[in-house]
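This report concerns only the one structure given below.
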Amino acid sequence: MNWAEFFAMKGYAFYVWGSYGVALLVFAIEIMLIRNRRKQALRNLRLMRDEMGESV
Amino acid sequence: MKKMSLFGLLGLVVRRDLLLAMRRRADVLTTLIFFVMVVSLFPLGVGPEMDMLRKMAPGVVWVAALLASMLSLPRMFSADYADGTLEQMMLAPQSLSVLVLGKIVAHWMLSGLPLALIAPVLGLQFDMSAPALGTLVLALLLGTPVLSMIGAIGAALTLGLRGGGVLVSLLVLPLCIPVLIFGAGAVEAVTSGMSAASNLSFLGAFMLFALVFTPFVASQALRISME
Amino acid sequence: MKKMSLFGLLGLVVRRDLLLAMRRRADVLTTLIFFVMVVSLFPLGVGPEMDMLRKMAPGVVWVAALLASMLSLPRMFSADYADGTLEQMMLAPQSLSVLVLGKIVAHWMLSGLPLALIAPVLGLQFDMSAPALGTLVLALLLGTPVLSMIGAIGAALTLGLRGGGVLVSLLVLPLCIPVLIFGAGAVEAVTSGMSAASNLSFLGAFMLFALVFTPFVASQALRISME
Amino acid sequence: MLEVGNLACSRGDHRLFSGLSFSLHPGQIMQVQGANGSGKTSLLRTLCGFLSPDEGEILWHGKPVHDLGEDYYAELLYLGHLNAIKDELNALENLQMSAGLAGYALTEQQAVAALRRMGLQRREHLPVKVLSQGQRRRVALARLLTTDAHLWILDEPLTALDVGAVGLMQELIGEHLSKGGMTIFTTHQPLQVAGVETRQLSLS
Amino acid sequence: MLEVGNLACSRGDHRLFSGLSFSLHPGQIMQVQGANGSGKTSLLRTLCGFLSPDEGEILWHGKPVHDLGEDYYAELLYLGHLNAIKDELNALENLQMSAGLAGYALTEQQAVAALRRMGLQRREHLPVKVLSQGQRRRVALARLLTTDAHLWILDEPLTALDVGAVGLMQELIGEHLSKGGMTIFTTHQPLQVAGVETRQLSLS
Amino acid sequence: MAINWFKYSAPTTFYGLAGKLIPYFAWPAAILFAIGIYIGFFVAPTDATQSEAYRIIFLHVPASILSMFIYLIMAGYAALGLIFNTRLSSMMAQALAPTGALFAFVSLWSGALWGKPMWGAWWVWDARLTSELILLFLYLGYIALHASIEDTRRADKASALLAIVGSVNVPIIYFSVKWWNTLHQGATIKMSGTSMHIAMQQAMFAVMAACWLYAIAVALARVRGIILEREANTQWVNDLPEVKQMNGEHS
Ligand code: HEM
Ligand SMILES: Nc1ncnc2c1ncn2[C@@H]1O[C@H](COP(=O)(O)OP(=O)(O)OP(=O)(O)O)[C@@H](O)[C@H]1O
Ligand SMILES: Nc1ncnc2c1ncn2[C@@H]1O[C@H](COP(=O)(O)OP(=O)(O)OP(=O)(O)O)[C@@H](O)[C@H]1O
Ligand SMILES: [Mg+2]
Ligand SMILES: [Mg+2]
Numbered sequence: 167m168n169w170a171e172f173f174a175m176k177g178y179a180f181y182v183w184g185s186y187g188v189a190l191l192v193f194a195i196e197i198m199l200i201r202n203r204r205k206q207a208l209r210n211l212r213l214m215r216d217e218m219g220e221s222v
Numbered sequence: 005m006k007k008m009s010l011f012g013l014l015g016l017v018v019r020r021d022l023l024l025a026m027r028r029r030a031d032v033l034t035t036l037i038f039f040v041m042v043v044s045l046f047p048l049g050v051g052p053e054m055d056m057l058r059k060m061a062p063g064v065v066w067v068a069a070l071l072a073s074m075l076s077l078p079r080m081f082s083a084d085y086a087d088g089t090l091e092q093m094m095l096a097p098q099s100l101s102v103l104v105l106g107k108i109v110a111h112w113m114l115s116g117l118p119l120a121l122i123a124p125v126l127g128l129q130f131d132m133s134a135p136a137l138g139t140l141v142l143a144l145l146l147g148t149p150v151l152s153m154i155g156a157i158g159a160a161l162t163l164g165l166r167g168g169g170v171l172v173s174l175l176v177l178p179l180c181i182p183v184l185i186f187g188a189g190a191v192e193a194v195t196s197g198m199s200a201a202s203n204l205s206f207l208g209a210f211m212l213f214a215l216v217f218t219p220f221v222a223s224q225a226l227r228i229s230m231e
Numbered sequence: 005m006k007k008m009s010l011f012g013l014l015g016l017v018v019r020r021d022l023l024l025a026m027r028r029r030a031d032v033l034t035t036l037i038f039f040v041m042v043v044s045l046f047p048l049g050v051g052p053e054m055d056m057l058r059k060m061a062p063g064v065v066w067v068a069a070l071l072a073s074m075l076s077l078p079r080m081f082s083a084d085y086a087d088g089t090l091e092q093m094m095l096a097p098q099s100l101s102v103l104v105l106g107k108i109v110a111h112w113m114l115s116g117l118p119l120a121l122i123a124p125v126l127g128l129q130f131d132m133s134a135p136a137l138g139t140l141v142l143a144l145l146l147g148t149p150v151l152s153m154i155g156a157i158g159a160a161l162t163l164g165l166r167g168g169g170v171l172v173s174l175l176v177l178p179l180c181i182p183v184l185i186f187g188a189g190a191v192e193a194v195t196s197g198m199s200a201a202s203n204l205s206f207l208g209a210f211m212l213f214a215l216v217f218t219p220f221v222a223s224q225a226l227r228i229s230m231e
Numbered sequence: 004m005l006e007v008g009n010l011a012c013s014r015g016d017h018r019l020f021s022g023l024s025f026s027l028h029p030g031q032i033m034q035v036q037g038a039n040g041s042g043k044t045s046l047l048r049t050l051c052g053f054l055s056p057d058e059g060e061i062l063w064h065g066k067p068v069h070d071l072g073e074d075y076y077a078e079l080l081y082l083g084h085l086n087a088i089k090d091e092l093n094a095l096e097n098l099q100m101s102a103g104l105a106g107y108a109l110t111e112q113q114a115v116a117a118l119r120r121m122g123l124q125r126r127e128h129l130p131v132k133v134l135s136q137g138q139r140r141r142v143a144l145a146r147l148l149t150t151d152a153h154l155w156i157l158d159e160p161l162t163a164l165d166v167g168a169v170g171l172m173q174e175l176i177g178e179h180l181s182k183g184g185m186t187i188f189t190t191h192q193p194l195q196v197a198g199v200e201t202r203q204l205s206l207s
Numbered sequence: 004m005l006e007v008g009n010l011a012c013s014r015g016d017h018r019l020f021s022g023l024s025f026s027l028h029p030g031q032i033m034q035v036q037g038a039n040g041s042g043k044t045s046l047l048r049t050l051c052g053f054l055s056p057d058e059g060e061i062l063w064h065g066k067p068v069h070d071l072g073e074d075y076y077a078e079l080l081y082l083g084h085l086n087a088i089k090d091e092l093n094a095l096e097n098l099q100m101s102a103g104l105a106g107y108a109l110t111e112q113q114a115v116a117a118l119r120r121m122g123l124q125r126r127e128h129l130p131v132k133v134l135s136q137g138q139r140r141r142v143a144l145a146r147l148l149t150t151d152a153h154l155w156i157l158d159e160p161l162t163a164l165d166v167g168a169v170g171l172m173q174e175l176i177g178e179h180l181s182k183g184g185m186t187i188f189t190t191h192q193p194l195q196v197a198g199v200e201t202r203q204l205s206l207s
Numbered sequence: 302m303a304i305n306w307f308k309y310s311a312p313t314t315f316y317g318l319a320g321k322l323i324p325y326f327a328w329p330a331a332i333l334f335a336i337g338i339y340i341g342f343f344v345a346p347t348d349a350t351q352s353e354a355y356r357i358i359f360l361h362v363p364a365s366i367l368s369m370f371i372y373l374i375m376a377g378y379a380a381l382g383l384i385f386n387t388r389l390s391s392m393m394a395q396a397l398a399p400t401g402a403l404f405a406f407v408s409l410w411s412g413a414l415w416g417k418p419m420w421g422a423w424w425v426w427d428a429r430l431t432s433e434l435i436l437l438f439l440y441l442g443y444i445a446l447h448a449s450i451e452d453t454r455r456a457d458k459a460s461a462l463l464a465i466v467g468s469v470n471v472p473i474i475y476f477s478v479k480w481w482n483t484l485h486q487g488a489t490i491k492m493s494g495t496s497m498h499i500a501m502q503q504a505m506f507a508v509m510a511a512c513w514l515y516a517i518a519v520a521l522a523r524v525r526g527i528i529l530e531r532e533a534n535t536q537w538v539n540d541l542p543e544v545k546q547m548n549g550e551h552s
């Protein structure tokens, strides 16, 4: 079995790789969104703390 | 000043909501006319072949009924919320569930009941047979109260939220799907010569089940929304 | 403090409404999801036979689009009315029509545009062909602005009336029927192997016509409602 | 008797007040004072049970109001920023409905008498929608004349009232106190009940 | 200069006032007085063009305001019972938006300065929804600090304001008058601008 | 030895615990996924009737099953949060919802891509498909409700109530949809239950386990973010090393 044949999936490449690809993409996006959310939260925390520091 | 019984209170709330609706008679009619319009739009969108229309009829009528009662849902509590009456209701020295049940009954009398009564006329537009029409009315009479009851929960949860109107449909529509399926199924069963009994008894069971639980759940939802 | 141009003002109003919508991101999504849901309800009511569903598809999608944009109509002015912003808009030293046009544009971007973009996915559920899907999107892109524009008039007229939500549908739906007919017609023409050009050009003409007149008419309707 | 012990309340991540204690006996009146945003409304709404306090307890005749529930509500009358009246109904219907929701029936004569006393003669049958701001407030306040609640909680009752109506309110509250009632209120305008000392509670 | 001649106005089948005439010159301030429901709000809304009068005319610098239309509006600022602020936006955005709708752009610094002066520091970025009644009113009133309108029409501007804020309003109006502005207002609370005599107009 | 569960149900301790646990779920998830894919694509033989397209099954079935289970777990957490007023449970419910919706989406997507070659249509109105779609709607409703309420306390309670009502309804919906579809004799194609090759089973189980681990890891990571957002004003959050560290970046 060669790789080209493997990727062709006997003509079902679009369907098979389409579903696995999108699934992986979606998982990656989810992970990225969670990272962003955490970063955003930390940034807000820092901003808030600095503001407090100034006002004291 | 004499105290009121629970039933007196239930009656009061129902009468009050009906009175308010009558002050704006347009209100009652609009739900109805919306229903009629949605049903009548279909032939315009789909084309005039009678065979297909006849097959579609129960589904279309039920979907339209579902949408029409969704549309009137946000009104169930929002006016009372905006003008502070709901606050006062929560301070009433009676069970909030009773008040909520009263509002549900009023809502059904203003939305579900008129739909069920006008449905046969619309059915005729789609050339439905007499037994099918009878089943349709019966199914609507059993099913629409469930829509009002489940809807009350959604309306209570989305109280005071911007975009409440669409949000409530989003929450409630999926939960109402069984009613749609059994309701439309009842009519189709009759059309295809079978008995609608099992469908109708499912609808009845839903109704009883909802009657027991939803007023309480909706009143809890109201308390949550009022915090 | 520097004065603003008309275009600046238009942009401001659009940005303002989009900003308000983004504050409640759910809002934008709900119209969309409502649309998806209504379309998905039909098979549940009508039954799963693909042949029939394929025939119904354009009509169902258009009716759902019509309903979804109707549903978001009451929101167009009501919040501004209730909190007094609309009063201030009428006191703005610029033409009210521009402000209204801004609100119409924002409404379309939040309701019509997303519907047009998601419609192909729904079309697939009904097994529509690729050319039919393309025409559907095109027709929706031409037709939904008309819905927003005509809807603005209805929303303005029913401002502050209880039951405005249903009332507005009642006023506006009949006016939107031509859009529905030509919109669904365009797709059906393609499905049955004809050209959709005439249908689409009608839709385009409606749009231009509406663009010229409706902002002015809607602003007059607002003035009437505010008395 | 209303007793509040060590109450603390916060909105958002904002502590409004804490360690608040007071008790109110029959015949007493208390004004909650404080600048805009100091938490007066929040305090009153906490007393009504709309907000749950972070800490502390609220006792009515020695029992926590949370446990009393409807028994407490039967003795409570709350009037907030919102008037709780229906635009579509007229003053008379509004008054009767709100009495009904509070659990007692009101005859038409009683209701008309209350509205007359509030200075709404010849306005009883107009839909409340067309009344002026002050007249709407008067319709809401007419409930004070028909209730037999012991504890009145009034949030800025004088808003939009003219001088005559303010005098009337003072009179009404005076009557209520002399019958052994209690009142807690907030206001940014002066309100003095003749012959009774107003206790002050300051939030800051 | 605002001139009102022989104005008559009715709501429903109710004549509120008639034969009303007055004129207001730069630097002058006028209070509209009257009991609840005497037609104060209706008069102010007529001046803004929301209601059309039964009779009489309203002139701005000698021309009927109806003909002037947008030119009149450019010099007018109206603050009614409603605050015209958006619950979802914060105070800063609200102020900038309302300036934009009134036709001029406001920088963030200008807006922040105005809010600070209104006593809303550290509240600029909260959604207005969570603010207290008085704080919301302050956000609405902040517009007075950023406008260059000559004629201010204020309907009960002091509602819900605490003592400090009332003092501030008096100050603001004083500044406005000293720059040659004009003010018409209603209130049931005392409002006295230092050094200027308040003209009175009584409706009954 | 008695474990003090309450200790871990406080966001304070759970934040750290979750941080430590995440790698123990994330790495095995990745490895198991790789193993599953390997077996599924290189070991498992080609299916006689479906040719290569059947390999979608290794993704499709786990995603479908997870989407359903996560809803129940979410509703359970929400109910705990509502009844016992434990903040952490509410946060867990909130953290699980997007992941559940995502698996529902993956199930629909992979199903659609499977349906096209097998049934000739992207979508048929089959009972299973339809109820999966409704499940996605339920997730979206939950998320939309939570997102449109500003006050987190109210948002938690309101959406918890919705989740509970939903979970009562899920079986009803499931059976009614099933019943609906079998009444009509429309859909001619049924999912063929081919008896599975042992390698296929292994691949499926590996991916299934990977999905479970992934879901747990992701939910934990998300709940950490939520804790940071909600407890922003508390001292312990401001004392966290990752918050303190950011001084340098600022100056
Ligand atoms: C959008 C389309 C689809 C959706 C939403 C969907 C949904 C589901 C769901 C929810 C399950 C789990 C059911 C259970 O565990 O009882 C499932 C399992 C399964 N699906 Fe799909 N499916 C779709 C398309 C397909 C297609 C096209 C095929 C094959 C031709 C297929 C084959 C299977 C198989 C073999 C299982 C496992 C059956 C079992 O474990 O009993 N699905 N699907
Ligand atoms: N449609 C109507 N029919 C009859 N009377 C009406 C109608 N609309 C308004 N009114 C009356 O007109 C008056 C409106 O007064 P307006 O709101 O101007 O009063 P105001 O002086 O501002 O009072 P307030 O001090 O209470 O704000 C009220 O007395 C009201 O009852
Ligand atoms: N979600 C929230 N986040 C932050 N702050 C909040 C939130 N909700 C309310 N607040 C603050 O809590 C306070 C609410 O006060 P409250 O309404 O009780 O004031 P008040 O004393 O009645 O004021 P007023 O005299 O203006 O009516 C305000 O300062 C408001 O800004
Ligand atoms: Mg207050
Ligand atoms: Mg007034």
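Chains as they are written, first to last, in the numbering used here: chain A, 167 to 222; chain B, 5 to 231; chain C, 5 to 231; chain D, 4 to 207; chain E, 4 to 207; chain F, 302 to 552.
For each residue, glycine too, the CB sits at the ideal point set by N, CA and C.
Assignment of Ala11/D by DSSP, reduced to helix, strand and coil, places it in the strand class. Each of Asn539/F, Lys545/F and Trp513/F was checked against the Cα of Ala331/F, and the nearest Cα belongs to Trp513/F. Taking the Cα positions, Ala222/B is about 20 angstroms away from Leu146/B. Contact residues of the region 69-103 of chain B toward chain D are Ala83, Asp84, Ala86, Asp87, Gly88, Thr89, Leu90, Glu91, Gln92, Met93, Met94, Leu95, Ala96, Pro97, Gln98, Ser99 and Leu103 (C-beta to C-beta distance below 9 angstroms). By the criterion of a C-beta distance shorter than 6 angstroms, Leu77/C is surrounded in its chain by Gly155, Ala159 and Val172, once the five residues flanking it on both sides are discounted. If you ignore the 5 residues before and after Leu373/F, its C-beta comes within less than 7 angstroms of the C-beta of Ser468, all in its own chain and listed in chain order.
Of all C-beta pairs linking the region 129-146 of chain B to the region 55-67 of chain B, three or more are shorter than 8 angstroms, placing the two stretches in contact. Per the Cβ contact rule, the region 7-16 of chain C is not in contact with the region 180-192 of chain B (fewer than 3 Cβ pairs under 8 angstroms). Under the Cβ criterion (8 angstroms, minimum of three pairs), the region 328-348 of chain F does not count as touching the region 364-382 of chain F.
Annotation for Thr162/C: no beta strand (DSSP E) segment contains it, and DSSP assigns it neither H nor E. The beta-carbon separation of Thr35/C and Ala83/C, rounded to 15 angstroms, does not stay under the 8 angstroms limit for a contact. At a threshold of 7 angstroms, Asn39/D counts as near ligand 3, since its beta carbon sits closer than that to one of the ligand's heavy atoms. With a cutoff of 7 angstroms, Ser45/E counts as near ligand 2, since its C-beta is closer than that to a heavy atom of the ligand. Taking a beta-carbon distance threshold of 8 angstroms, Val50/C counts as an interface residue toward chain B. DSSP lists Ile187/E and Arg202/E as the beta-bridge partner residues of Met33/E. With contacts defined as CB atoms closer than 8 angstroms, Val519/F and Leu529/F fail to qualify as a contacting pair. Contacts between Ser101/E and chain C, judged by CB atoms closer than 7 angstroms, involve Gln92 in chain order.
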